[in-house]
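Accompanying notes for the structure given below.
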Amino acid sequence: MKNLPDTVKDVADNTNLAVDFFDSLADMHELDFLPVKNTTCITLHCSADIAACLAAGDCRGNLECEAACPAHDFFCQFTCTQSYPSNAFDTMFSCLFVEHGCLWLPPPEPINNATCRDHTPVAEIDEAGLEGTWYVVSGFNPVYDCFACQMETFTVKDGQVSYTANFNMAATNGTEIWPSAEMSGNITGGVVELYGFDHGLPDHQSWNVMYQTEDTLVTYYCGDVLDQWHFEGLIVMSKTTSLNMERMDDIRAVLASLDISEDEMCQLSPANDCPAAIPAITFTQ
């Protein structure tokens with residue numbers, strides 16, 4: 001693979017570098033979404049954004065990190081993007097994949113090729129009860145739902161929802177980091193529709209509230225990225241760091257209705273792994 005240069009001289013350099021980089025990435029992972037379907041598209045629309053990415057250490061680090069990931073290792077790619085958060089990366093990906101469609105996503109791995117299961121959410125969500133911060137005590141999706149500490153915060157006003165997720169993970173250099181994700185949307189019946197952007201790509205998720213009490217919340221979600229990748233997950237949340245065990249029979253009934261076994265769920269311990277306050281830890285190379 002052609003090394004990323006320290007400086008980029010002109011539009012042609014930027015475009016050629018992008019083509020070389022993504023072609024090499026495709027060859028390495030035996031993907032058929034490249035070669036670049038329209039090199040002229042990159043030249044006309046995204047050359048400046050590529051140059052800005054290469055000039056930013058975090059964006060460059062992200063590209064180099066993902067290029068080193070083993071084939072079909074989606075969690076490695078996810079770790080790279082969380083380790084090197086970059087506005088320049090988001091802008092470049094938005095230009096390439098969304099605004100002008102110069103590239104398209106690779107064929108999805110199984111985790112991003114899910115079919116939403118038959119499900120029956122509650123008839124109406126208790127909006128006041130949804131408000132506040134919840135601790136994830138159990139999850140289904142191994143990439144998105146099983147971080148040691150995950151805190152989901154909802155703010156609801158007039159049927160409109162703001163959602164923030166905070167979670168801890170190990171960055172590529174082994175240090176602990178606390179990424180966050182923010183989305184917003186609305187409530188209809190028992191479903192929270194959430195919209196946002198994930199590293200420059202539009203992200204839509206339907207959160208189906210399957211069970212809700214004053215201290216326990218179970219949601220089954222289905223999501224998509226660019227209508228090309230489709231994923232699912234289920235999280236069991238508690239208002240405190242410990243689950244009210246009196247809710248287990250109801251939780252098991254929800255799992256059974258979705259044909260998910262307890263053995264498929266990761267079990268978390270926020271009482272041991274969540275701090276009183278999220279530390280201000282940033283990734284450093």
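Residue numbers 1 to 285, in UniProt numbering, belong to the letters of the sequence shown in order.
Note that the Cβ used here is the ideal one computed from N, Cα and C, for glycine as well.
As the structure is a computational prediction, the values presented were derived from the model and not from experiment.
task: Run through the region 192–274 for me and flag every whole alpha helix (DSSP H) of 4 or more residues, listed as ranges in chain order.
output: Listed in chain order, they are 248–257, 270–273.
query: Nearest CA to the CA of Phe97: which residue from Phe78, Ala71, Gln228?
result: For the purposes of this step, residue 97 is taken as the residue at position 97 of the sequence shown. Of the candidates Phe78, Ala71, Gln228, the one whose C-alpha sits nearest the C-alpha of Phe97 is Gln228.
task: Go through the region 129–156 residue by residue and report every complete run of the alpha helix (DSSP H) that reaches 4 residues or more, in order.
output: The region 129–156 contains no complete alpha helix (DSSP H) run of 4 or more residues.
query: Ala71 by DSSP, collapsed to three states: which one?
result: Taking the first residue of the sequence shown as position 1, residue 71 is located at position 71. Note: Ala71 maps to coil in three-state DSSP.
query: With DSSP run on the structure shown, which of helix, strand or coil describes Ile187?
result: Working through the sequence shown from its first residue, we reach residue 187 at position 187. It is a strand residue.
query: How would you label Pro110, buried or exposed, when you count the other beta carbons within 10 angstroms and need 16 or more for buried?
result: Counted from its first residue, the sequence shown places residue 110 at position 110. It is exposed - the Cβ of Pro110 has fewer than 16 other Cβ atoms within 10 Å.
task: Specify, as a first and last residue, the run of the beta strand (DSSP E) that Ser162 falls within.
output: In the sequence shown, the residue the question calls residue 162 occupies position 162. Segment 160–167, the beta strand (DSSP E) holding Ser162.
message: Since Cys266 and Cys146 should fall inside the 8 Å C-beta cutoff, what is the C-beta to C-beta distance between them, to a whole number of angstroms?
response: Residue mapping note: residue 266 aligns to position 266 of the sequence shown, counting from 1. Residue mapping note: residue 146 aligns to position 146 of the sequence shown, counting from 1. 4 Å between Cβ atoms; contact.
query: Can you name the start and end residues of the alpha helix (DSSP H) that Thr53 belongs to?
result: Taking the first residue of the sequence shown as 1, we reach residue 53 at position 53. It is worth fixing the name first, because residue 53 is Cys in this sequence and not Thr. Cys53 -> alpha helix (DSSP H) spans 47–55.
- request: Can you tell me which of the three DSSP states Glu127 falls into?
  value: As a first step, residue 127 is located in the sequence shown; it is residue number 127 there, counting from the start. In this structure, Glu127 counts as helix in the three-state DSSP scheme.
field: Rounded separation between Glu264 and Phe140 - CA only
entry: As a position in the sequence shown, residue 264 is number 264, starting the count at 1. As a position in the sequence shown, residue 140 is number 140, starting the count at 1. Distance between the alpha carbons of Glu264 and Phe140 is about 6 Å.
field: Backbone secondary structure at Gly171 - three-state DSSP
entry: Residue mapping note: residue 171 aligns to position 171 of the sequence shown, counting from 1. Looking at the sequence itself, residue 171 is Ala, so the reference to Gly does not match. In the structure shown, Ala171 adopts coil according to DSSP, grouped into three states.
- request: Would you check if the region 116–135 and the region 152–167 touch, i.e. whether three or more CB-CB distances between them fall below 8 Å?
  value: Using a Cβ-Cβ distance cut-off of 8 Å, the region 152–167 and the region 116–135 are in contact, since at least three pairs of beta carbons, one from each stretch, lie closer than that value.
- request: Rounded to whole angstroms, what's the CA-CA distance from Thr133 to Gln212? Just pull it up for me.
  value: In the sequence shown, residue 133 corresponds to position 133, counting from 1. In the sequence shown, residue 212 corresponds to position 212, counting from 1. Near 14 Å, if we compare the C-alpha coordinates of Gln212 and Thr133.
message: Can you check which of these residues, Ser238, Ile278, His204, Ser86, is closest to Glu214 by C-alpha distance?
response: Counted from its first residue, the sequence shown places residue 214 at position 214. Among Ser238, Ile278, His204, Ser86, the Cα nearest to that of Glu214 is on Ser238.
- prompt: Of all the options Glu176, Cys102, Ser269, which has the alpha carbon lying nearest to the alpha carbon of Ile278?
  reply: For the purposes of this step, residue 278 is taken as residue 278 along the sequence shown, with counting starting at 1. Distance from the Cα of Ile278 is smallest, within the candidate group Glu176, Cys102, Ser269, for Glu176.
- prompt: Which residues bound the alpha helix (DSSP H) around Ala277?
  reply: Start at 1 with the first residue of the sequence shown, and residue 277 comes out as number 277. Where Ala277 is concerned, there is no enclosing alpha helix (DSSP H), given that its DSSP letter is neither H nor E.
- prompt: Which two residues bound the contiguous alpha helix (DSSP H) that contains Asp90?
  reply: Translated into the one-based positions of the sequence shown, residue 90 becomes position 90. In the DSSP annotation of this structure, the continuous segment of the alpha helix (DSSP H) that includes Asp90 starts and ends at 87–93.
- prompt: What does DSSP give as the partner residues of Ile111 in its beta bridges?
  reply: Here residue 111 corresponds to residue number 111 of the sequence shown, with the count starting at 1. The beta-bridge partner set that DSSP reports for Ile111 is empty.
- prompt: How many angstroms separate the CA atom of Thr120 from the CA atom of Glu131?
  reply: Counting from one through the sequence shown, the residue named residue 120 turns up at place 120. Counting from one through the sequence shown, the residue named residue 131 turns up at place 131. Using only the alpha carbons, I get a separation of about 22 Å.
- request: Compute the Euclidean distance between the alpha carbons of Val143 and Thr43, then round it to the nearest angstrom.
  value: The count along the sequence shown starts at 1 and reaches residue 143 at position 143. The count along the sequence shown starts at 1 and reaches residue 43 at position 43. Their backbone Cα atoms lie some 35 Å apart in a straight line.
- prompt: In chain order, what residues of the same chain have a beta carbon less than 7 Å from the beta carbon of Asn86, not counting five sequence neighbours either side?
  reply: Your numbering for residue 86 matches position 86 in the sequence shown. Position check: residue 86 holds Ser in this sequence, whereas Asn was assumed. So the list reads Ala56, Asp58, Cys59, Asn62, once near-sequence residues are dropped.
field: Distance between Gln150 and Ile235 (C-alpha atoms, nearest Å)
entry: As a working mapping, residue 235 is identified with position 235 in the sequence shown. As a working mapping, residue 150 is identified with position 150 in the sequence shown. Cα to Cα, the separation comes out at about 10 Å.
message: Is Gln267 near the ligand NAD - that is, is its Cβ less than 7 Å away from at least one heavy atom of it?
response: The ligand NAD is absent from the structure shown, which contains no ligands of any kind.
query: When we look at the beta-carbon of Asn160 and count the other beta-carbons within 10 Å, is it buried (16 or more) or exposed?
result: Here residue 160 refers to the residue found at position 160 of the sequence shown. With the sequence shown as reference, residue 160 is identified as Gln, and Asn is not the correct amino acid for it. It counts as exposed.
task: Flag this pair as yes or no: are the beta carbons of Val191 and Asn208 separated by less than 8 Å?
output: Position 191 of the sequence shown, counted from the first residue, corresponds to residue 191. Position 208 of the sequence shown, counted from the first residue, corresponds to residue 208. Yes, Cβ-Cβ distance for Val191 and Asn208 is below 8 Å.
message: Taking the alpha-carbon of Pro106 as reference, which of Ala88, Cys116, His230 has the nearest alpha-carbon?
response: Residue numbering aside, residue 106 sits at position 106 when the sequence shown is read from its first letter. Nearest neighbour of Pro106 by Cα position, chosen from Ala88, Cys116, His230, turns out to be His230.
- prompt: Count the other CB atoms within 10 Å of the CB of Pro275; is the residue buried (16 or more) or exposed (fewer)?
  reply: Locating residue 275 in the sequence shown gives position 275, where the first residue counts as 1. Pro275 comes out exposed.
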